[in-house]
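Inspection log for the structure reproduced underneath, given as C-alpha coordinates.
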Amino acid sequence: REQPPGGRIEVVQFPADFDGSVQHYVLIHPPQRPPAADSAASSVQPDTALITLHGHGSDRWQFVKSPRDECAAARKLAAEHGLLLVSPDYRAKTSWMGPAAEADLVQIIHQLRREHRISRILLSGGSMGGTGALTFAALHPALIDGVVSLNGTANLVEYPNFSEAIARSYGGTRAEVPEQYRRRSAEFFPWRFRTPLAATTGGQDRSVPPESVHRLIGQVLPRNSNVLLIHRPQGGHSTNAADTRQALEFVLARMQPRPLPPPLPER
(Lines of atoms letter the chains of each structure in order from A and count residues from 1; the text may use other names and numbers.)
(Lines give C-alpha, C1' and ligand atoms only; values in the text may rest on other atoms or scores of the structure.)
Protein backbone atom coordinates (compact mmCIF):
# COMPACT_ATOMS: atom_id res chain seq x y z
CA ARG A 1 0.00 0.00 0.00
CA GLU A 2 1.37 3.42 -0.92
CA GLN A 3 2.60 5.45 2.05
CA PRO A 4 0.64 8.72 2.39
CA PRO A 5 2.70 11.84 1.68
CA GLY A 6 4.08 13.74 4.60
CA GLY A 7 6.60 13.16 7.33
CA ARG A 8 6.40 12.11 10.96
CA ILE A 9 2.93 11.53 12.43
CA GLU A 10 2.48 12.67 16.01
CA VAL A 11 -0.53 12.27 18.30
CA VAL A 12 -0.91 15.09 20.82
CA GLN A 13 -3.14 14.90 23.87
CA PHE A 14 -4.02 17.85 26.06
CA PRO A 15 -6.31 18.68 28.99
CA ALA A 16 -9.16 20.79 27.63
CA ASP A 17 -9.55 24.19 29.25
CA PHE A 18 -13.29 23.89 28.59
CA ASP A 19 -14.00 20.94 30.90
CA GLY A 20 -10.72 19.29 31.89
CA SER A 21 -11.26 16.24 29.67
CA VAL A 22 -8.38 14.70 27.73
CA GLN A 23 -8.59 15.63 24.05
CA HIS A 24 -6.42 14.77 21.04
CA TYR A 25 -5.18 15.98 17.70
CA VAL A 26 -2.81 14.53 15.12
CA LEU A 27 0.10 16.32 13.47
CA ILE A 28 1.61 15.32 10.15
CA HIS A 29 4.94 17.08 10.01
CA PRO A 30 6.21 18.08 6.57
CA PRO A 31 8.71 15.67 5.05
CA GLN A 32 12.37 16.47 5.53
CA ARG A 33 13.88 17.75 2.30
CA PRO A 34 17.36 16.53 1.39
CA PRO A 35 19.91 19.31 1.93
CA ALA A 36 21.29 18.84 -1.57
CA ALA A 37 17.88 19.48 -3.11
CA ASP A 38 17.03 22.57 -1.09
CA SER A 39 19.43 23.34 1.73
CA ALA A 40 17.51 26.40 2.87
CA ALA A 41 14.10 24.71 3.04
CA SER A 42 15.45 21.62 4.78
CA SER A 43 16.37 23.59 7.91
CA VAL A 44 13.31 25.82 8.14
CA GLN A 45 10.38 24.93 10.36
CA PRO A 46 6.91 25.29 8.83
CA ASP A 47 5.28 28.62 9.66
CA THR A 48 1.84 27.68 8.28
CA ALA A 49 -0.58 25.08 9.62
CA LEU A 50 -3.35 23.45 7.62
CA ILE A 51 -6.09 22.46 10.08
CA THR A 52 -8.43 19.81 8.68
CA LEU A 53 -11.81 19.24 10.36
CA HIS A 54 -13.35 15.79 9.85
CA GLY A 55 -16.92 14.99 8.90
CA HIS A 56 -19.87 13.67 10.93
CA GLY A 57 -19.26 10.19 12.30
CA SER A 58 -15.50 10.38 11.91
CA ASP A 59 -12.60 11.51 14.10
CA ARG A 60 -9.08 12.94 14.01
CA TRP A 61 -7.80 10.12 11.79
CA GLN A 62 -10.02 10.88 8.79
CA PHE A 63 -7.74 13.44 7.16
CA VAL A 64 -4.66 11.47 8.23
CA LYS A 65 -5.58 8.04 6.84
CA SER A 66 -8.67 8.18 4.63
CA PRO A 67 -8.23 7.64 0.88
CA ARG A 68 -11.13 10.03 0.17
CA ASP A 69 -10.19 12.63 -2.42
CA GLU A 70 -10.65 15.52 0.01
CA CYS A 71 -8.34 13.93 2.57
CA ALA A 72 -5.67 12.64 0.19
CA ALA A 73 -5.52 15.98 -1.62
CA ALA A 74 -5.07 17.86 1.66
CA ARG A 75 -2.23 15.55 2.75
CA LYS A 76 -0.49 15.85 -0.60
CA LEU A 77 -0.76 19.63 -0.70
CA ALA A 78 0.51 19.97 2.87
CA ALA A 79 3.54 17.82 2.07
CA GLU A 80 4.31 19.68 -1.15
CA HIS A 81 4.05 23.12 0.45
CA GLY A 82 5.81 22.21 3.69
CA LEU A 83 2.75 22.80 5.87
CA LEU A 84 2.11 21.34 9.30
CA LEU A 85 -1.13 19.37 8.91
CA VAL A 86 -3.25 19.40 12.06
CA SER A 87 -6.22 17.04 12.38
CA PRO A 88 -8.16 17.54 15.63
CA ASP A 89 -10.88 15.42 17.19
CA TYR A 90 -12.76 18.63 18.10
CA ARG A 91 -15.10 16.43 20.15
CA ALA A 92 -15.07 13.75 17.46
CA LYS A 93 -17.98 12.10 15.79
CA THR A 94 -20.83 14.57 16.36
CA SER A 95 -19.03 17.86 16.93
CA TRP A 96 -20.81 20.38 14.70
CA MET A 97 -18.47 23.02 16.22
CA GLY A 98 -20.44 23.32 19.43
CA PRO A 99 -19.08 25.25 22.43
CA ALA A 100 -16.70 22.48 23.56
CA ALA A 101 -15.28 21.94 20.06
CA GLU A 102 -14.90 25.68 19.57
CA ALA A 103 -13.00 26.04 22.84
CA ASP A 104 -10.74 23.09 21.99
CA LEU A 105 -9.85 24.58 18.60
CA VAL A 106 -9.05 27.97 20.14
CA GLN A 107 -6.77 26.17 22.60
CA ILE A 108 -5.11 24.13 19.84
CA ILE A 109 -4.40 27.22 17.74
CA HIS A 110 -2.78 29.00 20.68
CA GLN A 111 -0.75 25.85 21.38
CA LEU A 112 0.41 25.65 17.74
CA ARG A 113 1.52 29.27 17.79
CA ARG A 114 3.33 28.86 21.10
CA GLU A 115 4.97 25.44 20.68
CA HIS A 116 5.51 25.26 16.91
CA ARG A 117 5.88 28.98 16.14
CA ILE A 118 3.06 28.79 13.62
CA SER A 119 2.23 32.24 12.28
CA ARG A 120 -0.52 31.44 9.75
CA ILE A 121 -3.57 29.19 10.06
CA LEU A 122 -5.47 27.80 7.08
CA LEU A 123 -8.67 26.30 8.46
CA SER A 124 -10.45 23.70 6.33
CA GLY A 125 -12.86 20.82 6.60
CA GLY A 126 -15.36 18.62 4.80
CA SER A 127 -19.11 18.25 5.38
CA MET A 128 -19.56 18.74 9.14
CA GLY A 129 -15.96 19.92 9.09
CA GLY A 130 -16.70 22.34 6.27
CA THR A 131 -19.56 23.68 8.35
CA GLY A 132 -17.30 23.90 11.38
CA ALA A 133 -14.64 25.79 9.43
CA LEU A 134 -17.18 28.45 8.44
CA THR A 135 -18.61 28.59 11.97
CA PHE A 136 -15.20 29.00 13.59
CA ALA A 137 -14.10 31.58 11.03
CA ALA A 138 -17.18 33.66 11.82
CA LEU A 139 -16.69 33.30 15.58
CA HIS A 140 -12.91 33.89 15.66
CA PRO A 141 -11.83 35.74 12.50
CA ALA A 142 -8.67 37.07 14.16
CA LEU A 143 -7.36 33.54 14.83
CA ILE A 144 -7.25 32.34 11.22
CA ASP A 145 -5.71 33.55 7.98
CA GLY A 146 -7.84 31.67 5.45
CA VAL A 147 -10.74 29.23 5.32
CA VAL A 148 -11.80 26.41 2.98
CA SER A 149 -15.21 24.76 3.31
CA LEU A 150 -15.84 21.55 1.37
CA ASN A 151 -19.56 20.71 1.14
CA GLY A 152 -20.52 22.52 4.34
CA THR A 153 -23.52 24.58 5.39
CA ALA A 154 -23.52 28.21 6.50
CA ASN A 155 -26.90 28.13 8.23
CA LEU A 156 -27.60 25.88 11.22
CA VAL A 157 -30.90 27.62 11.93
CA GLU A 158 -32.50 26.12 8.84
CA TYR A 159 -30.33 23.00 8.35
CA PRO A 160 -32.68 20.00 8.74
CA ASN A 161 -30.30 17.05 9.11
CA PHE A 162 -28.49 15.49 12.11
CA SER A 163 -30.77 17.43 14.47
CA GLU A 164 -30.26 15.17 17.50
CA ALA A 165 -26.47 15.25 17.23
CA ILE A 166 -26.43 19.01 16.77
CA ALA A 167 -28.75 19.50 19.75
CA ARG A 168 -26.41 17.44 21.96
CA SER A 169 -23.45 19.50 20.82
CA TYR A 170 -25.18 22.86 21.18
CA GLY A 171 -26.85 22.11 24.50
CA GLY A 172 -30.43 22.05 23.21
CA THR A 173 -32.74 22.22 20.23
CA ARG A 174 -33.34 25.23 18.02
CA ALA A 175 -36.35 26.11 20.17
CA GLU A 176 -34.42 25.72 23.43
CA VAL A 177 -31.16 27.56 22.57
CA PRO A 178 -31.88 29.54 19.39
CA GLU A 179 -28.96 31.89 20.03
CA GLN A 180 -26.48 28.99 19.72
CA TYR A 181 -27.79 28.03 16.29
CA ARG A 182 -27.71 31.61 15.05
CA ARG A 183 -24.24 32.52 16.33
CA ARG A 184 -22.83 29.34 14.75
CA SER A 185 -24.40 30.12 11.35
CA ALA A 186 -21.77 31.87 9.24
CA GLU A 187 -24.38 33.23 6.83
CA PHE A 188 -25.45 35.82 9.39
CA PHE A 189 -21.92 37.26 9.75
CA PRO A 190 -20.52 37.88 6.25
CA TRP A 191 -18.57 40.98 7.35
CA ARG A 192 -16.34 38.80 9.53
CA PHE A 193 -14.88 37.03 6.48
CA ARG A 194 -11.98 39.35 5.67
CA THR A 195 -9.40 36.65 4.94
CA PRO A 196 -9.30 34.48 1.77
CA LEU A 197 -12.28 32.13 1.52
CA ALA A 198 -12.99 29.17 -0.77
CA ALA A 199 -15.96 26.81 -0.79
CA THR A 200 -17.05 23.80 -2.82
CA THR A 201 -20.67 22.73 -3.26
CA GLY A 202 -22.68 20.17 -5.20
CA GLY A 203 -26.01 20.91 -6.83
CA GLN A 204 -27.30 17.41 -6.05
CA ASP A 205 -26.09 17.40 -2.44
CA ARG A 206 -29.01 16.35 -0.23
CA SER A 207 -26.93 15.69 2.87
CA VAL A 208 -25.71 19.30 3.11
CA PRO A 209 -27.59 21.44 0.56
CA PRO A 210 -25.49 24.23 -1.01
CA GLU A 211 -27.85 27.22 -0.92
CA SER A 212 -26.71 28.78 2.36
CA VAL A 213 -23.06 28.73 1.30
CA HIS A 214 -24.01 30.39 -1.98
CA ARG A 215 -25.82 33.12 -0.06
CA LEU A 216 -22.82 33.60 2.23
CA ILE A 217 -20.43 33.87 -0.72
CA GLY A 218 -22.74 36.41 -2.35
CA GLN A 219 -22.66 38.55 0.78
CA VAL A 220 -18.90 38.25 1.31
CA LEU A 221 -17.87 39.12 -2.27
CA PRO A 222 -18.69 42.86 -2.10
CA ARG A 223 -16.41 43.10 0.95
CA ASN A 224 -13.66 40.65 0.01
CA SER A 225 -12.32 39.93 -3.48
CA ASN A 226 -10.31 36.90 -2.33
CA VAL A 227 -13.25 34.52 -2.59
CA LEU A 228 -13.68 31.36 -4.68
CA LEU A 229 -16.80 29.22 -5.11
CA ILE A 230 -16.46 25.91 -6.96
CA HIS A 231 -19.98 24.67 -7.66
CA ARG A 232 -20.66 21.43 -9.53
CA PRO A 233 -24.35 21.42 -10.59
CA GLN A 234 -24.35 17.63 -10.95
CA GLY A 235 -22.13 17.06 -7.93
CA GLY A 236 -23.22 15.36 -4.74
CA HIS A 237 -21.89 15.34 -1.20
CA SER A 238 -18.19 15.14 -2.04
CA THR A 239 -15.40 17.16 -3.59
CA ASN A 240 -12.91 15.62 -6.00
CA ALA A 241 -9.15 15.91 -5.57
CA ALA A 242 -8.69 18.58 -8.24
CA ASP A 243 -11.35 20.87 -6.77
CA THR A 244 -10.04 20.31 -3.24
CA ARG A 245 -6.57 21.25 -4.35
CA GLN A 246 -7.79 24.30 -6.27
CA ALA A 247 -9.69 25.58 -3.24
CA LEU A 248 -6.78 25.06 -0.86
CA GLU A 249 -4.20 26.56 -3.21
CA PHE A 250 -6.43 29.57 -3.92
CA VAL A 251 -6.56 30.44 -0.23
CA LEU A 252 -2.95 29.52 0.54
CA ALA A 253 -1.64 31.78 -2.24
CA ARG A 254 -3.61 34.76 -0.91
CA MET A 255 -2.98 34.43 2.80
CA GLN A 256 -1.08 37.40 4.19
CA PRO A 257 2.19 36.88 6.06
CA ARG A 258 2.25 37.33 9.81
CA PRO A 259 5.25 37.81 12.08
CA LEU A 260 6.43 34.61 13.72
CA PRO A 261 5.51 34.26 17.39
CA PRO A 262 8.49 34.43 19.79
CA PRO A 263 10.23 31.14 20.56
CA LEU A 264 9.57 29.40 23.85
CA PRO A 265 12.05 30.41 26.57
CA GLU A 266 14.84 28.00 27.42
CA ARG A 267 14.07 25.79 30.40
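Residue 158 in this note's numbering is what sits at position 28 of the sequence shown, and the numbering runs on without skipping anything. Ideal Cβ positions, reconstructed from N, Cα and C, are used throughout, including at glycine.
- Residue environment for GLU140: exposed (fewer than 16 other C-beta atoms within 10 angstroms of its C-beta).
- Inter-residue distance for ARG190 and PRO229 is about 18 Å (C-alpha atoms, whole angstroms).
- In the assembly as shown, TRP321 is an exposed residue. Its beta-carbon has fewer than 16 other beta-carbons within 10 Å.
- Beta-bridge annotation (DSSP): SER279 is paired with GLY255 and ALA329.
- About 4 Å separates the beta carbon of PHE319 from that of ALA268, a gap short enough to meet the 8 Å contact definition.
- The Cβ neighbour count for GLY212, taken over all protein chains shown within 10 Å, is at least 16; the residue is labelled buried.
- C-alpha of LEU214 to C-alpha of GLN162: approximately 12 Å in a straight line.
- A check of alpha carbon separations from MET385 across ARG298, ASP199 and ARG250 identifies ARG250 as the nearest.
- In this structure, DSSP gives PHE148 a state outside helix and strand, which the three-state scheme calls coil.
- Excluding the 5 residues flanking it on each side, PRO395 has no same chain C-beta neighbour closer than 8 Å.
- In the displayed model, ILE158 falls within a strand according to three-state DSSP.
- Beta bridge pairing from DSSP links THR182 with SER254.
- Spanning the alpha carbons of ARG304 and ARG244 requires a straight line of approximately 37 Å.
- Between SER196 and PRO218, the alpha-carbon positions lie close to 14 Å from each other.
- Only residues of its own chain outside the window of five on either side were considered, and among them VAL278, LEU358, ALA377, PHE380 and VAL381 have a CB closer than 6 Å to the CB of ALA328, listed in chain order.
- Pairwise C-beta distances place the region 254-267 in contact with the region 178-186, as three or more of them are shorter than 8 Å.
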